[in-house]
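I have placed the structure first, in the form of structure tokens, so that the comments after it can refer back to it.
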Amino acid sequence: MALQCSCSVEWSNAQGVVLRRFKSLTTKLVLTRNDFRDIFIDVSADKGVVHRLALKDIAVHKRFASDGKATIHFKTDKVMMMISNAPVSQLAEFLKTLFVKVTGRKDSPQVKIRDRLLAVKSGSTEEISPINVKDIGRVDVKLEGPSMKKKKLNDELINQSVKKSYLVNLKDKLTDEQREVVEAVNTNNNIFFTGSAGTGKSFLLRYIVNTLPPDVTMVTASTGASACLIGGVTLHSFAGIGIGECTIERGIEMASKSSAAQVWRKCKILIIDEISMVDGEYFEKLDKIAKAVRKRDEPFGGIKLVLCGDFLQLPPVKQGKSRFCFQTKTWAECRFRCFNLKFVHRQSDNEFVKMLNKLRLGNIDPDTAIKLKATSSNLLEQNGIVPTRLCCRTADAQMINQKKIFDLPGKVFKFEAFDSGPTKTLDDHTPVAKSFVLKSGAQVMLLKNISVSSGLVNGARGVVKDFDKNGSPCVQFKCGNTVTIKPEKWIVKTPTGQFISRQQVPLKLAWAFSIHKSQGLTLDCVEISLGRVFEAGQAYVALSRAKSLSSLRILDFDKKHVWANPDVIAFYNKLDRIVESDKMYILGKKNI
């Protein structure tokens, strides 16, 4: 079991004075075992193994594991090992393996000192194998007993903040096409991967983030909602030039300020989600700023790009005429290796998936039109829960929610967030409002996964039934569960590495949303009016929020409301040819 990271090791005396220190930005830590079954961490740098530390009488501190950091205290030897800049998923696997192997070793017979002295001193070690069923069995047997011991095991194995906020469940299996993308990210190529709604782009991006060194990887998205879903920041926040309305010269001046320049120079990998909503002019401006600040002429100043998004969904938001990123000279210079994900995970209704694939390309055949029109009679109201209306404009959605909550009778309950940082930043990077009001009967949506197995997931619809004695809302969800909703915490990492948080009840009014705000969500029941659609891809995004045709109601379907941008269609036709060509090239190389 090996871990690539930055590492610092300090040896101290009994008084805590540091006697010597080892430090390396590029370190390899390997769990090894000798002939006596003793377990070690081998610390390797450029010159090979430089230190070997015995794993006995240790304490592991992993409070900041979600940031790729941990500390191992070798108490008897008075040594502290500080790990940083480790890929989050690799660090979690490394610490889990360490815990299981060391815990299982405690029950093994101890080798007598005499036997050690008489043995041939080969000094050889071998890398420890991954965790297997026997290892887990040893840990289970050793920790059987009082509930407190079980709790301790749970605390040791899993850092809760990592589990809740950052780590992808390692048991989730990647599809073959997703695995290809992960492997490509580990090459020197710039990467662009795309796919229709529901193909697992956000899941794959979170998985990729957890395999990369956090200190040099900047995770961004074009919108705050998307940034929140992947644990990143907005692209505007990272770039240090606001929304980019300034000239290139002014942008370079702004980005050259100490804090912004430090972020640009530190960055080696830049991830951008929802790239389709980034205007081409802004994309080119970022390229020029990166070159100037980093003083390098390669595209984006030598930063590796990993881009994700679907250009057949929502286009850039800009006054006047805008260009897509793929229409720029910078895009061509980046020479992206491209992937087009095909397998849809979100919808289980195969017929609906086929219909959505046609709609995405702006194709409406008579049979599809008939079936979509027929949804107008779908009865979606259930247990007091009404379907969420998706509106083409944000102002329309806000007006509907405000009128509905005002018209409800009964006492008003106000919920104020507790913020540990600037309100504007937290507004941009968390899905919950600084303050909002509820009444009994309010239609709401859950904004955080609370219990996946019980159906209490981000996007679950419900209705407020009552409030407990502390004023917490009791919500009946469409899945049938009635739950008292308590405040949850969202943690945001700023581009400079600072952590700020917002604690708030994870609900929002759900009589209506804008189509833009719904991007990335899966909704239990949806009602749509397409009469005011004004952008290519807008109708497709709205329709693809539904889980199935039976959970959708279209009030005024007309095929003229569904269309795709011809420039984007041409781009995807070309992209598919490139993807197929790359596959043939790789197959050819393997067969040589």
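All residue numbers for the sequence shown refer to full-length UniProt numbering, where the first residue is 1 and numbers rise by one.
Ideal placement from N, C-alpha and C gives every residue a C-beta, glycine not left out.
Check your understanding: In three-state terms, what does DSSP make of residue 489?
Key -> Residue 489: strand per DSSP, three-state reduction.
**Study point:** CB contact flag (residue 197, residue 310, <9 Å)
**Key:** yes
Point to revise | C-alpha distance - residue 88 paired with residue 501, whole-angstrom precision | key: 20 Å
Point to revise | CB of residue 303 within 9 Å of CB of residue 220, strictly | key: no
Review point. Exposed or buried, residue 504, counting other C-beta atoms within 10 Å across all chains shown (16 or more means buried)?
Key: The residue is buried, with at least 16 neighbouring Cβ atoms inside 10 Å.
Exercise for review: Would you please state the rounded distance, in angstroms, between the beta carbons of residue 461 and residue 388? I believe it to be under 8 Å.
Suggested key: 7 Å
Exercise for review: In the DSSP assignment, find the alpha helix (DSSP H) that holds residue 543 and state where it starts and stops.
Suggested key: 538–543
Point to revise | Residue of 581, 126, 550 and 576 minimising C-alpha distance to residue 349 | key: The shortest C-alpha separation from residue 349 is found at 550.
Practice item. Tell whether a beta-carbon distance below 9 Å holds between residue 7 and residue 60. Key: no
Check your understanding: Looking at the unbroken alpha helix (DSSP H) that takes in residue 254, where does it start and where does it end?
Key -> 248–255
Practice item. Can you tell me the Cβ-Cβ gap for residue 306 and residue 185, rounded? I've got them flagged as a contact below 8 Å. Key: 6 Å
Practice item. Please determine if the segment 231–243 and the segment 284–292 are in contact, where contact requires at least 3 C-beta pairs separated by less than 8 Å. Key: yes
Review point. Taking DSSP as the reference, what is the three-state secondary structure of residue 11?
Key: Three-state DSSP puts residue 11 in a strand.
Review point. By DSSP, does residue 33 sit in helix, in strand, or in coil?
Key: strand
Check your understanding: Are residue 439 and residue 405 close, meaning C-beta to C-beta below 9 Å?
Key -> yes
Point to revise | Top-ranked residue by Cα proximity to residue 315, from 450, 274, 257 and 468 | key: That would be 274, whose Cα lies nearest to the Cα of residue 315.
Practice item. Kindly confirm or deny that the segment 6–20 and the segment 76–83 touch, where touching means at least three C-beta pairs closer than 8 Å. Key: yes
Check your understanding: Is the number of C-beta pairs between the segment 424–434 and the segment 361–374 that are closer than 8 Å three or more?
Key -> no
Exercise for review: With DSSP collapsed to three states, give me the class of residue 581.
Suggested key: helix
Exercise for review: Could you pull the start and end residues of the beta strand (DSSP E) that residue 334 belongs to?
Suggested key: It is not in any beta strand (DSSP E) - residue 334 instead sits in the alpha helix (DSSP H) that spans 329–334.
Practice item. Alpha carbon to alpha carbon, how far is residue 419 from residue 467? Give it in angstroms, no decimals. Key: 24 Å
Check your understanding: Looking at residue 480 and residue 459, is the spacing between their C-beta atoms short of 9 Å?
Key -> no
Point to revise | Span of the beta strand (DSSP E), counted from its first residue to its last, around residue 318 | key: According to the DSSP assignment, residue 318 belongs to no beta strand (DSSP E), since it is labelled neither H nor E.
Check your understanding: Any idea what DSSP makes of residue 153, helix, strand or coil?
Key -> Low local confidence applies: a pLDDT of 41 at residue 153 is under 50, so the model's placement there is unreliable, with the coordinate-based value given in what follows. Residue 153 falls in the helix class under three-state DSSP.
Review point. Among the residues of its own chain, which have a CB less than 7 Å from the CB of residue 189, if the five just before and after it don't count?
Key: 337
Check your understanding: In terms of DSSP beta bridges, what is residue 340 paired with?
Key -> 194
Exercise for review: Within 10 angstroms of the Cβ of residue 573, are there 16 or more other Cβ atoms? Answer buried if so, exposed if not.
Suggested key: By the 16-neighbour rule on beta-carbons within 10 angstroms, residue 573 is exposed.
Exercise for review: Just grab the DSSP bridge partners of residue 528 for me.
Suggested key: 390 and 554
Review point. Is the beta carbon of residue 477 within less than 8 Å of some heavy atom of the ligand NAP?
Key: Because no ligand of any kind appears in the structure shown, any question about the ligand NAP cannot be addressed here.
Practice item. Just grab the DSSP bridge partners of residue 6 for me. Key: 84
**Study point:** For residue 286, three-class secondary structure by DSSP
**Key:** helix
Point to revise | Element boundaries [beta strand (DSSP E), containing residue 424] | key: Careful: residue 424 lies outside any beta strand (DSSP E), inside the alpha helix (DSSP H) at 423–429.
Practice item. Quick one: grab the DSSP three-state call for residue 17. Key: coil
Check your understanding: What does a CB cutoff of less than 6 Å around residue 641 pick up in its chain, not counting 5 residues either side in sequence?
Key -> Outside the displayed span of the chain (1 to 592) sits residue 641, for which this structure offers no information.
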